[in-house]
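Let me begin by presenting the structure, written as structure tokens, before commenting on it.
There are 2 protein chains.
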Amino acid sequence: MKAAPGPKRVIRSTAEFASYVGLARTTVSRVLNGHPGLKTQTVQRVQQAIEETGFTPNAYALHLKGKRTATIGICMENLLTAPAVLKLAELQRRLRERSHASLIEVLPPGGSREVIRHFLSMRVDAVVFIGHFVEEEIARRIDELMTHATPHLVIDQRGVPHADTVALDRASGMRELMAYLLGLGHRSFGLLAITGAARSVQDRLAGIEAGLAAHGLGFAECTRSLDHLHARQNDFEYGRALALSFVAEKNIPTAFVALNDEVAIGAMHGFQSAGLRVPQDVSVAGFNNQDICLMPTPLLTSIDQQIELTVNTSVDQVLSQIGRPPRPHPHVEMIAPKLVVRDSTGPAPKAKSA
Amino acid sequence: MKAAPGPKRVIRSTAEFASYVGLARTTVSRVLNGHPGLKTQTVQRVQQAIEETGFTPNAYALHLKGKRTATIGICMENLLTAPAVLKLAELQRRLRERSHASLIEVLPPGGSREVIRHFLSMRVDAVVFIGHFVEEEIARRIDELMTHATPHLVIDQRGVPHADTVALDRASGMRELMAYLLGLGHRSFGLLAITGAARSVQDRLAGIEAGLAAHGLGFAECTRSLDHLHARQNDFEYGRALALSFVAEKNIPTAFVALNDEVAIGAMHGFQSAGLRVPQDVSVAGFNNQDICLMPTPLLTSIDQQIELTVNTSVDQVLSQIGRPPRPHPHVEMIAPKLVVRDSTGPAPKAKSA
DNA sequence: ACTGAATTAAGACACGTGTCTTGGTCAAGG
DNA sequence: CCTTGACCAAGACACGTGTCTTAATTCAGT
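Chains as they are written, first to last, in this note's numbering: chain W, -4 to 349; chain Y, -4 to 349.
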């Protein structure tokens, strides 16, 4: 639009900027920091010059003068899993609302200490972890942060030693789901990809067991898993393969509970391609309540992670810890998930294993 | 694990660190910067102390001494569209490989200048834009960056004035797709959500037209669009609704080309639920080649964005511009997309509109 | 123990900023 | 004219770091 509105030299310091405005550096500094005792005309002159030049004080020099960096380090396990990215997006948004910047790094399993070192060298005010990390590794990173008086928060990975945590109460989510399915008359359950030593998996299993126990049912008798039959993937294809394996069995469960939505949708496709109707013949439930729940027919029943609530709680937590002495004991807060019933779950078929 | 291996006081400067090691600050500084003329034993003593304390020099003070910040600002339109996030992930990874940090901000449409101001105040070495921005807005941001001698790069939004750009050649992708479909005998095409003034849409239309023209066919006669019949959404549901509207018409096209994979998959579901077989009755092609192409039955033919190549090129571009005088003319580089043929496209049905 | 080289200590300055202090200008009021 | 504020200019210092300079220490070789 505008060709060349003036000399437009690059201004790199308050000194240069002050000479551009025609004021002393100290005066400009006082204007920038809102000190009293300045003529309105002077303030306006500076503000106009800022508009013209787009001058911004060097954040690095500011911090050197003791100002907080107002930067939060965000450590992601990866940027490829949809729920984690959603949390990142919401976290970034909330932090920006509260005038904080986000310095994002990806720390893959076995990743080096470099990432934490970088956070420390950038003097971030706190570090937030999102994803599922190797417990031993993340615990060591957090110890390192604590020795540097840098607050931290782990989102959605319960059980890291010494770690302040905000995590989804997966056990309660599964209890709720089981209560719902049991109420529909289901008594035999197929578990899809809910295997492994990870805490998040163990929590789910505990919730399933508790849900069954509330109806006087035993875990071993009522549940079946064929996870071992295929290479573990936790994705769509794995779900489809598991479904087909279940179809090949004699007594197929009437309800299926999946590790996540991808596996659930894959399983639905598997059942459907084998001629089973969902939910008339089998019910299927996912986990995470991602957008893809709306993609298959029928729409997938799932458990919502309550990402907004989780992130909101997390931001409050982590910002409140900045500049404070570390807590004597880690603060752990659990978020209640929410069952979202859609069309993939329904009453148990009557004449089945009778 | 370890209880308290020493005093573990927080070390905030080379001075404190030097007194911890028992050396002069200047000596420590020389070790840290790899100067010659130091006893091996001294170097080791410092390195060991770094291991013990995790000391890191203040990046802010470093920059103040003229060192580059080695930080790239990444400006995202949002963090909710899968392809954009994939680019972000790859970009972050590449930059980290090249020892650069990523400062990520989200700039929604109509967003303020704050974001650019923040980048400038953080003295980022360059700014990369990912997403589809309002052309006028992004052009102004880039002008502002240029007056501050900060290089920039726009990824995948062709046509921003004065902007260095690396973008997907959507026209050529569509040409290739059309050549493929025409080769299969298709002569009537349904366009799904390819409407609007956005350059990325216009490029596709131009590619479609060119593809048809290469076979001596006219755009108006061979293509049909019903986008106006439903509220524009560019998602799964929109695709499904469009498909059902096409089914309700008299002469349904034999091949469908969609704006993206979501719309394509939605359309496939729509056709299938109306009793049409894919690809026997209608062919459907998506765009972006996201993971979800593997979710429906049949697997979706799509056009791959070549994200790795795009990002790789971008990183080379942007890093090479750091510290250099701005180019006289913007550098625009086009990336050739790649047609990925799967199962959703096949020969045109024979006894159709004859 | 003495010399000379090797190594380290110690002080200074610069970077860009905020803030304190001191001195100067200017206009209004006497 | 002088006094009094109100305002601004100008200098100084600090923050943490790299680097230069100069002085002090250590060490190896005699």
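Don't be surprised by glycine CBs; every beta carbon is placed ideally from N, CA and C.
Nothing here was measured: the structure is a model prediction, and the numbers come from that model.
Alpha carbon of residue i to alpha carbon of residue j, nearest angstrom
i: isoleucine 67 of chain Y; j: glutamine 312 of chain W; result: 29 Å
i: glutamate 47 of chain Y; j: leucine 74 of chain Y; result: 38 Å
i: leucine 187 of chain W; j: leucine 221 of chain W; result: 7 Å
i: alanine 215 of chain Y; j: glycine 206 of chain Y; result: 13 Å
i: valine 335 of chain Y; j: glycine 281 of chain W; result: 30 Å
i: leucine 86 of chain W; j: glutamate 92 of chain W; result: 10 Å
i: serine 297 of chain W; j: glycine 213 of chain W; result: 24 Å
i: proline 320 of chain Y; j: isoleucine 111 of chain Y; result: 20 Å
i: alanine 158 of chain W; j: alanine 236 of chain W; result: 38 Å
i: leucine 254 of chain Y; j: isoleucine 189 of chain Y; result: 5 Å
i: methionine 329 of chain W; j: aspartate 164 of chain W; result: 6 Å
i: histidine 127 of chain W; j: threonine 37 of chain Y; result: 40 Å
i: alanine 13 of chain Y; j: histidine 326 of chain W; result: 35 Å
i: threonine 160 of chain W; j: glutamate 130 of chain W; result: 13 Å
i: arginine 182 of chain W; j: alanine 209 of chain W; result: 13 Å
i: arginine 170 of chain Y; j: glutamate 204 of chain Y; result: 8 Å
i: threonine 76 of chain W; j: aspartate 256 of chain W; result: 12 Å
i: glycine 1 of chain W; j: lysine 34 of chain W; result: Model confidence at glycine 1 of chain W stands at a pLDDT of 40, short of 50, so the residue's coordinates are unreliable; what they give is reported in the following sentence. C-alpha separation (whole angstroms): 26 Å.
i: alanine 144 of chain Y; j: serine 8 of chain W; result: 14 Å
Pick from the options that is closest to residue i, judged by C-alpha positions
i: alanine 96 of chain Y; options: Y:Pro320, Y:Ile45, Y:Leu314; result: Y:Leu314
i: alanine 121 of chain W; options: W:Ile69, W:Thr76, W:Gly185, W:His58; result: W:Ile69
i: glutamine 285 of chain Y; options: Y:Ala201, Y:Thr21, Y:Val80, Y:Lys60; result: Y:Val80
i: lysine 62 of chain W; options: Y:Thr64, Y:Ala65, Y:Ala56; result: Y:Ala56
i: valine 310 of chain W; options: W:Pro146, W:Thr292, W:Arg235; result: W:Pro146
i: leucine 98 of chain Y; options: Y:Ala134, Y:Thr76, Y:Met71; result: Y:Met71
i: isoleucine 150 of chain Y; options: Y:Glu131, Y:Ala134, Y:Phe124; result: Y:Phe124
i: alanine 192 of chain W; options: W:Gly341, W:Ala77, W:Val119, W:Gly154; result: W:Gly154
i: valine 258 of chain W; options: W:Asp230, W:Arg272, W:Val129; result: W:Asp230
i: arginine 166 of chain W; options: W:Glu232, W:Gln197, W:Ala10; result: The sequence shown places alanine at residue 166 of chain W, not arginine. For the residues W:Glu232, W:Gln197, W:Ala10, the minimum Cα distance to alanine 166 of chain W belongs to W:Gln197.
i: phenylalanine 114 of chain Y; options: W:Glu132, W:Leu59, W:Glu100, W:Gly49; result: W:Gly49
i: asparagine 246 of chain W; options: W:Gln43, W:Thr218, W:Met263, W:Gln300; result: W:Thr218
Contact check, residue i vs residue j, beta carbons under 8 Å
i: proline 103 of chain W; j: glycine 185 of chain W; result: no
i: leucine 224 of chain W; j: glycine 265 of chain W; result: no
i: valine 279 of chain W; j: serine 339 of chain W; result: yes
i: proline 53 of chain W; j: serine 116 of chain Y; result: Checking the displayed sequence, the identity of residue 53 of chain W turns out to be asparagine instead of proline. Contact: yes.
i: lysine 82 of chain W; j: threonine 292 of chain W; result: no
i: valine 5 of chain W; j: valine 41 of chain W; result: no
i: threonine 64 of chain Y; j: arginine 118 of chain Y; result: yes
i: isoleucine 287 of chain W; j: isoleucine 260 of chain W; result: yes
i: arginine 25 of chain W; j: alanine 10 of chain W; result: no
i: alanine 243 of chain W; j: valine 277 of chain W; result: no
i: glycine 341 of chain W; j: leucine 177 of chain W; result: no
i: proline 274 of chain W; j: aspartate 299 of chain W; result: no
i: arginine 227 of chain Y; j: leucine 295 of chain Y; result: no
Secondary structure of residue i, DSSP reduced to three states
i: leucine 102 of chain W; result: coil
i: lysine 333 of chain W; result: strand
i: phenylalanine 377 of chain W; result: Summary: the structure shown does not reach residue 377 of chain W, with chain W confined to residues -4 through 349, and so no result is reported for it.
i: alanine 192 of chain W; result: coil
i: phenylalanine 241 of chain W; result: helix
i: glycine 211 of chain W; result: coil
i: isoleucine 125 of chain Y; result: strand
i: asparagine 283 of chain W; result: strand
i: glycine 154 of chain W; result: coil
i: threonine 76 of chain Y; result: coil
i: alanine -2 of chain Y; result: Bear in mind that the predicted position of alanine -2 of chain Y carries a pLDDT of just 34, short of 50, making it too unreliable to give a figure here.
i: threonine 21 of chain Y; result: helix
i: serine 315 of chain W; result: helix
i: alanine 162 of chain W; result: strand
i: aspartate 138 of chain Y; result: helix
i: alanine 349 of chain W; result: The predicted position of alanine 349 of chain W is uncertain, since its pLDDT is 36 and thus under 50; a value taken from the coordinates is nonetheless stated next. Looking at alanine 349 of chain W - three-state DSSP - the assignment turns out to be coil, as it is neither helix nor strand.
i: alanine 262 of chain W; result: helix
i: isoleucine 302 of chain W; result: helix
Residue i CB to nearest heavy atom of the ligand ATP below 7 Å
i: glycine 105 of chain Y; result: You won't find the ligand ATP in this model; it holds no ligand whatsoever.
For the segment 38 to 60 of chain Y, which residues have a beta carbon sitting closer than 7 Å to at least one beta carbon of chain W?
-> Gly49, Thr51, Pro52, Asn53, Ala54, Tyr55, Ala56, His58, Leu59
Near-chain Y residues of the segment 289 to 320 of chain W (beta-carbon distance less than 7 Å), N- to C-terminal order | Leu289, Met290, Thr292
Output, in sequence order along the chain, the residues in the segment 246 to 274 of chain W whose CB is closer than 9 Å to any CB in chain Y.
-> Glu257, Ile260, Gly261, His264, Gln267, Ser268
Selection of the segment 116 to 149 of chain W by Cβ proximity to chain Y, strictly under 7 Å | Ser116, Met117, Arg118, Glu139, Thr142, His143, Ala144
Report the residues of the segment 203 to 237 of chain Y with a CB closer than 9 Å to any CB of chain W, ordered along the chain.
-> Asp230, Phe231, Glu232
Below 8 Å between beta carbons is the criterion; list the residues of the segment 84 to 96 of chain W that meet it against any residue of chain Y, in chain order.
-> Ala84, Gln87, Arg88, Arg91, Ala96
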